[in-house]
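Just so you know, the UniProt record's numbering puts 427 at position 427 of the sequence shown, and the rest follows in order with no gaps.
Built from N, CA and C at the ideal position, the CB exists for glycine as well.
Just so we're clear, the structure is a prediction, and the values are computed from it rather than from any experiment.
In what follows, a single structure is set out as structure tokens and then discussed.
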Amino acid sequence: MATMLAIPLKKTYEVDLIKPLRNFIQSTFTQADPEYYNHALQEFNKLRNLMITKSVDKHESALEVLCRYHDQLVAIENKLPIAENQIRVQFKWRDAFDEGSFLGGKRTLAIASGAYEKVCMLFNIAALQSQIASVQNFENDEGLKLAVKYFQQSSGILGHLKDIVLSHLQQEPTPDLNPDTLSSLSAVMLAQAQESIYRKATLDRMKESMIAKLAYQCSELYADAMKLMQLTSIRDLWPRDWLATVVMKQAAFHAMAEFYQSVVAQQSKSYGQEIARLQHAVELMNASQQRGGATFAFRNELGKIQRALEAAKKDNDFIYHDKIPDLKSLEPIGKAVVAKPTPLASPLSPKFTDLFEKIVPLPVFEALTAFENRKSQLANMEIGRLREATALINSVLASLNLPAALEDLSGAKVPQSVLDKAKQMQDLGGVALIESLITALPDLLTRNREILDESIRTLDDEEKSDTQLREQFKERWTRTPSAVLTKPMRDEASKYRTILDTAIQADRIVREKYNSHKQAITLLSKPPGELEKSLPAAGNVGALQGSAVVKELRKLCEEVETIKAEREVIENEIKEAKFDMTSKFFAALAADGAIDEEALSVSELDRVYAPLRQQVSDSIHKQETILARIQNANTEFCQAKSSNQSAAQREALLKDLAAGFDNYMELKNNLEEGTKFYNDLTPLLVRLQTKINDFCFARKTEKDELMADLQKQIVNTPSQPPPTQPRYQGGPGAGTDVGAGDENKRTPPPRPPRPAVPSVTAPTTPAGLSPSGRAPPASAPPPPPQPSVPTTSTGQMPSAAPPYPPQPGQGAAPSAPGAYGGSWNAPYPGYPAGGYPMPAMPSGFNPYNPYMQYPHQGYPNQGAPGYPQQATPPYPMGQPGGYPSQQPGVPPYPQQGYPYPAYPQQQPYR
Numbered sequence: 001m002a003t004m005l006a007i008p009l010k011k012t013y014e015v016d017l018i019k020p021l022r023n024f025i026q027s028t029f030t031q032a033d034p035e036y037y038n039h040a041l042q043e044f045n046k047l048r049n050l051m052i053t054k055s056v057d058k059h060e061s062a063l064e065v066l067c068r069y070h071d072q073l074v075a076i077e078n079k080l081p082i083a084e085n086q087i088r089v090q091f092k093w094r095d096a097f098d099e100g101s102f103l104g105g106k107r108t109l110a111i112a113s114g115a116y117e118k119v120c121m122l123f124n125i126a127a128l129q130s131q132i133a134s135v136q137n138f139e140n141d142e143g144l145k146l147a148v149k150y151f152q153q154s155s156g157i158l159g160h161l162k163d164i165v166l167s168h169l170q171q172e173p174t175p176d177l178n179p180d181t182l183s184s185l186s187a188v189m190l191a192q193a194q195e196s197i198y199r200k201a202t203l204d205r206m207k208e209s210m211i212a213k214l215a216y217q218c219s220e221l222y223a224d225a226m227k228l229m230q231l232t233s234i235r236d237l238w239p240r241d242w243l244a245t246v247v248m249k250q251a252a253f254h255a256m257a258e259f260y261q262s263v264v265a266q267q268s269k270s271y272g273q274e275i276a277r278l279q280h281a282v283e284l285m286n287a288s289q290q291r292g293g294a295t296f297a298f299r300n301e302l303g304k305i306q307r308a309l310e311a312a313k314k315d316n317d318f319i320y321h322d323k324i325p326d327l328k329s330l331e332p333i334g335k336a337v338v339a340k341p342t343p344l345a346s347p348l349s350p351k352f353t354d355l356f357e358k359i360v361p362l363p364v365f366e367a368l369t370a371f372e373n374r375k376s377q378l379a380n381m382e383i384g385r386l387r388e389a390t391a392l393i394n395s396v397l398a399s400l401n402l403p404a405a406l407e408d409l410s411g412a413k414v415p416q417s418v419l420d421k422a423k424q425m426q427d428l429g430g431v432a433l434i435e436s437l438i439t440a441l442p443d444l445l446t447r448n449r450e451i452l453d454e455s456i457r458t459l460d461d462e463e464k465s466d467t468q469l470r471e472q473f474k475e476r477w478t479r480t481p482s483a484v485l486t487k488p489m490r491d492e493a494s495k496y497r498t499i500l501d502t503a504i505q506a507d508r509i510v511r512e513k514y515n516s517h518k519q520a521i522t523l524l525s526k527p528p529g530e531l532e533k534s535l536p537a538a539g540n541v542g543a544l545q546g547s548a549v550v551k552e553l554r555k556l557c558e559e560v561e562t563i564k565a566e567r568e569v570i571e572n573e574i575k576e577a578k579f580d581m582t583s584k585f586f587a588a589l590a591a592d593g594a595i596d597e598e599a600l601s602v603s604e605l606d607r608v609y610a611p612l613r614q615q616v617s618d619s620i621h622k623q624e625t626i627l628a629r630i631q632n633a634n635t636e637f638c639q640a641k642s643s644n645q646s647a648a649q650r651e652a653l654l655k656d657l658a659a660g661f662d663n664y665m666e667l668k669n670n671l672e673e674g675t676k677f678y679n680d681l682t683p684l685l686v687r688l689q690t691k692i693n694d695f696c697f698a699r700k701t702e703k704d705e706l707m708a709d710l711q712k713q714i715v716n717t718p719s720q721p722p723p724t725q726p727r728y729q730g731g732p733g734a735g736t737d738v739g740a741g742d743e744n745k746r747t748p749p750p751r752p753p754r755p756a757v758p759s760v761t762a763p764t765t766p767a768g769l770s771p772s773g774r775a776p777p778a779s780a781p782p783p784p785p786q787p788s789v790p791t792t793s794t795g796q797m798p799s800a801a802p803p804y805p806p807q808p809g810q811g812a813a814p815s816a817p818g819a820y821g822g823s824w825n826a827p828y829p830g831y832p833a834g835g836y837p838m839p840a841m842p843s844g845f846n847p848y849n850p851y852m853q854y855p856h857q858g859y860p861n862q863g864a865p866g867y868p869q870q871a872t873p874p875y876p877m878g879q880p881g882g883y884p885s886q887q888p889g890v891p892p893y894p895q896q897g898y899p900y901p902a903y904p905q906q907q908p909y910r
């Protein structure tokens, strides 16, 4: 069974995708069907949860789920942008090589980024592909083909990740997503793909020359992987057996390449070259076994090579006698580069269907929005030109009291045109409508302003909190500053603030215009009887009824009405112009990957609006001609009339009524547009407020998590070491510190001089008895003589020890004072002053025997014949107190460095 390395999966945590995506769709794609995208959001959320549960299965069905989820992430990349400043969804992933428990892993990274989620998914897809490939049956043709396929795909994905990971994350990734790590994993997967191809070649019994080249390429690929894995930055990341497996395989496949090339040499009757290659193969296999240790998986191949070498040597020695060439003189084997990384496909799953197919990509949507703005600006500009021209001609006719002057030739009745205007205005609501619209505007303005102010205040509070924490924690506060993330929202709020300020100025102008024409509007709102009574009577000018000037004026007034009717048609055509820009923007996005909205929009707007703009210009030019003719005819008409004071007053009032009606219609349109503007602005401000609230809530959640992590980090951070303990408290220098360095060891005080011991005549001892009065055992040898130990002038022992005395049987027993005359601790009356008793070593003493003990309590060395065996601990050099006495009431053996008057007496044997 082949030993293949499988990449572990990254672990993640569940998140709620439904709410943030729904809020974005509702605020951005206002025309989208809620029923459609709610179902799509539910399916998308289920797909991610299924991805988490299926990741543990080493099966192609689990891989299909992972690929579908990745493809869906790619599909919504341009439709539903998941980012910190747009759709804020926090994705948290754990390092794949973190050996901690699932809930206790330390190497985790959480980023509100769809690109981060996509990178982690690609890593897991490559990891699952490696796991599926590693569990295949490598003795089966289908299993080998599947392994080659998935190892190559995994290598391609990891190589792609290496190039994009830093640009997608915009911050330091976890170690498993480090570019060096990804390069190493990609190299390992490619080497394993080549190994699978090599195993298939051996299974298919291909030519040995080709198998040798495949094996040598395996060795080269494993060598590349080995170099990458041993980089200092990632060397400690790998599981325990990974590096050993790679270095083992590198040498083993080199050995197999030499083995199969030796077969080629045998076939060409180059027996010396065969032996040379087999010898090198054995060396490489031995090196592989030494490197791999327990992971060595080529024992059968090693035996095969060794048997082949023995047979080749035997045949060469007895038959061929071919010269074995030097290894360096052999021709290179060559390489067969078959395994290659598979480029990343799109989509990864052939069964993928976009859940959000009906939602256009965001670049297309933004281009359409920009086009609509251009269209509105152009349409409003042309409609404004028409309305300004119409307002001009109305004001001119009102100042000339036309056509009312032509209808009021009797001077007693209200002109029919005035009555028609009064009725039309009353049907629309009269002065009460204007009053109600003007009164409602401040409330609408206040509502919108309060929403905008509250939104800005929420942003300010969030940014203030973030700034305070950043100043408090300094570089440990690693999240993105609020000022960076809130800039688009603040720009949008500033835009709405400017719009509201402009609307306030427009409302003021509308109110001033209403106040200037309020009297005429109020008069036109009264019943016809009251309106007739309010008009002063004038003289009869009925003689002008059929004059040419009157006919000319009436004809010109009819032409004016015709121009007005034509302008209404032109205005409707401008408003209802149809454009199909979606397909054009989609085509541009597919062709270039970007949309040149300005060029496409300007071209299409010119194509549709150019004829309408020409009609507007012709209408304005025609109006100028008619107005000049009206002024000339009206001058002639006024000269023909015989006017008096009452007639002048009546004519002035009729002019005011005509101007009042025109202004009423204009005011009504303006106020209705203003009301609609405020009502339409409210949902936009509410969406902005919702977006800001969601952002601030997500930032608060992120802040709480980061605060908790910082608190744990602060608690777990080791404090500074305590100060050095003073000497008088037992600190360094006060004694010996076992296990510490030389600088911390305690130095014992100097040894004082030994006191002089007075010479005393040795007592007589009966024959066969020891000085203690006890007869020694029969089997015991006579005690050896004890030499005297000379001292220096200060009473201390010299640095060089005296030579050992003669052993028993090699010389006369000493009888001089100071010689050994009893047990170890017996008194030495004749011992010289300042001396120290040193016993002679018994016969057969081995000073290098680790089990030999020092004599203790009157016993000779352990193991001496005739004495009981006693386990005595080694002499504790330099420890306070020395060996305590075995007899109660007897003081312990004196410690060196302590003053003592004389050696204590040992109790005799009883």
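Inset, instruction - Measure from the alpha carbon of A75 to the alpha carbon of each residue in F44, K58 and L177, then state which is nearest. - result: When F44, K58 and L177 are compared, the shortest CA-CA separation from A75 is found for F44.
Legend entry - Alpha-carbon spacing of D420 relative to T486, whole angstroms: When rounded, the distance between both Cα atoms is 57 Å.
Legend entry - Residue range of the beta strand (DSSP E) that includes W93: Element bounds for W93: F91 to R94.
Inset, instruction - Buried or exposed for K584, please, with buried defined as at least 16 other CB atoms from any protein chain shown within 10 angstroms of its CB. - result: Under this definition K584 is a buried residue.
Inset, instruction - Would you give the residue range spanned by the alpha helix (DSSP H) that L362 belongs to? - result: Start and end: L362 to S399.
Inset, instruction - Determine the contact status of L445 and I504, defining contact as a CB-CB distance below 8 Å. - result: Yes. Within cutoff.
Inset, instruction - State the beta-bridge partners of T12 as determined by DSSP. - result: Paired residues: W93.
Legend entry - Candidates L344, L309 and E366: closest to Y260 by CA position: That would be L309, whose Cα lies nearest to the Cα of Y260.
Legend entry - Three or more C-beta pairs below 8 Å linking the region 565–585 and the region 380–395: Yes: at least three Cβ pairs fall under 8 Å.
Inset, instruction - Output yes or no for whether 8 Å exceeds the beta carbon distance between L214 and A133. - result: It is not a contact, given that the beta carbons lie outside the stated cut-off.
Inset, instruction - Could you check which residue in A440, L605, K207 and L667 has the C-alpha nearest to that of Y678? - result: Minimum Cα distance to Y678 is reached at A440.
Inset, instruction - Assign A6 to one of three DSSP states: helix, strand, or coil. - result: Three-state result, A6: coil.
Legend entry - Contact check, S55 vs L128, beta carbons under 8 Å: In contact: S55 and L128 (Cβ atoms closer than 8 Å).
Legend entry - Neighbourhood of Y13 by C-beta distance below 7 Å, restricted to the same chain and skipping five residues each side: Answer for Y13: K92, listed in chain order.
Inset, instruction - Under 6 Å Cβ to Cβ from Q519, same chain only, skipping five residues before and after it: list those, please. - result: For Q519, where only same-chain residues beyond five positions count, there are no Cβ hits under 6 Å.
Legend entry - Cα-Cα separation between A110 and Q90, rounded to whole angstroms: One Cα belongs to A110, the other to Q90, and the distance between them is close to 6 Å.
Legend entry - Straight-line Cα distance separating K495 from I451: Each residue's alpha carbon lies about 14 Å from the other.
Legend entry - Three or more C-beta pairs below 8 Å linking the region 161–172 and the region 115–130: Cβ pair count under 8 Å is three or more, so yes.
Inset, instruction - Kindly give me the distance between the Cβ atoms of Q26 and L47, rounded to whole angstroms, as I take these residues to be in contact under 8 Å. - result: 21 Å between Cβ atoms; not a contact.
Inset, instruction - Please go through the same chain and pick out, in chain order, the residues whose beta-carbon is closer than 7 Å to the beta-carbon of Q273, but skip the five residues on each side of it. - result: Excluding residues up to 5 positions away in sequence, A265, P325 and L330 lie with their Cβ nearer than 7 Å to the Cβ of Q273 in the same chain.
Inset, instruction - Pull up the distance between the alpha-carbon of E702 and that of L459, whole angstroms please. - result: About 16 Å.
Inset, instruction - Using a threshold of 8 Å, state whether the C-beta atoms of P338 and I125 are closer than that. - result: It is Val, not Pro, that sits at residue 338 in the sequence shown. Here V338 is not near I125, since their CB atoms are 8 Å or more apart.
Legend entry - Beta carbon proximity, K700 to chain D, threshold 8 Å: In summary, chain D is missing from the structure at hand, where a single protein chain is found.
Legend entry - G674 to L681 span [Cα, whole Å]: Taking the straight line from one Cα to the other gives about 10 Å.
Inset, instruction - Assign L50 to one of three DSSP states: helix, strand, or coil. - result: For L50, the three-state secondary structure derived from DSSP is helix.
Legend entry - Three-state secondary structure (DSSP) of L17: L17 carries a coil assignment under DSSP once its states are collapsed to helix, strand and coil.
Inset, instruction - Within 10 angstroms of the Cβ of V715, are there 16 or more other Cβ atoms? Answer buried if so, exposed if not. - result: In this structure V715 is exposed. Its beta-carbon is surrounded by fewer than 16 other beta-carbon atoms within 10 angstroms.
Inset, instruction - Identify whether T480 lies in helix, strand or coil by the three-state DSSP scheme. - result: Here T480 sits in coil by DSSP.
Legend entry - Separation of N380 from K10, as counted between CA atoms: Distance between the alpha carbons of K10 and N380: 56 Å.
Legend entry - Length at least 4, wholly inside the region 225–274: the alpha helix (DSSP H) runs in chain order: The alpha helix (DSSP H) runs lying completely inside the region 225–274 and spanning 4 residues or more are 242–267, given in chain order.
Inset, instruction - Could you tell me the boundaries of the beta strand (DSSP E) in which I82 lies? - result: Element bounds for I82: n/a, residue is neither H nor E.
Inset, instruction - Please state whether DSSP places I111 in a helix, a strand or coil. - result: Assignment of I111 by DSSP, reduced to helix, strand and coil, places it in the strand class.
Legend entry - Spatial distance of K79 from H621 (CA atoms): It is roughly 48 Å from the alpha-carbon of K79 to the alpha-carbon of H621.
Legend entry - Rounded C-alpha distance that separates T181 from A32: Rounded to whole angstroms, T181 to A32 spans 43 Å at the Cα level.
Legend entry - Per-residue DSSP class, three states only, for I87: DSSP places I87 within a strand segment (E or B) once states are collapsed to three.
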